[in-house]
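Each residue of the sequence shown is one higher than the one before, starting from 1 at the first, in the UniProt record's numbering.
We treat Cβ as the ideally placed atom computed from N, Cα and C, and that holds for glycine.
Computed from a predicted model, the values in this text were never measured in an experiment.
Taking it in order: structure first as structure tokens, then the write-up.
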Amino acid sequence: MIRYWFEFDFTSTGIDSIPPGIQIGCGVTGHNYEDVFDILRDKVFKGGELPGIRRMIEDVNIETLDQGHVLPNMLPPIWRGVWYPMGYQY
């Protein structure tokens, strides 16, 4: 399993189209990039189009993420699925 961290470019989207909690980023674990992309599309964006990806970190070291906001509000990143923000795992 590989941990990914995504930051999105919402400049061309309306505020209503931003899923809750992902303004600063989204953490997902999957088998590979294609698997993680499918999880993002299906779980976070509910089958809709993804915004542009401003930054992607493959095999992210979670200790480098925001320690005041991300780390205390994330699920364990060892299982397949969305670990930040919480609420998209089902």
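{"Asked": "For F6, which of S12, L65 and P76 has the nearest alpha-carbon?", "Found": "L65"}
{"Asked": "Roughly how many angstroms separate the alpha carbons of L71 and G48, rounded to a whole number?", "Found": "27 Å"}
{"Asked": "State yes or no: is the beta carbon of W5 nearer than 8 Å to at least one beta carbon in chain D?", "Found": "The structure shown contains no chain D, having only a single protein chain."}
{"Asked": "Please report the residue range of the beta strand (DSSP E) in which F6 lies.", "Found": "I2 to D9"}
{"Asked": "Apart from the five residues on each side of it in sequence, which residues of its chain come closer than 8 Å, Cβ to Cβ, to W79?", "Found": "M1 and T29"}
{"Asked": "Using the Cβ count rule (16 or more neighbours within 10 Å means buried), how would you classify P85?", "Found": "buried"}
{"Asked": "According to DSSP, R55 sits in a beta bridge with which residue or residues?", "Found": "E7"}
{"Asked": "Buried or exposed for I39, please, with buried defined as at least 16 other CB atoms from any protein chain shown within 10 angstroms of its CB.", "Found": "buried"}
{"Asked": "Taking DSSP as the reference, what is the three-state secondary structure of V28?", "Found": "strand"}
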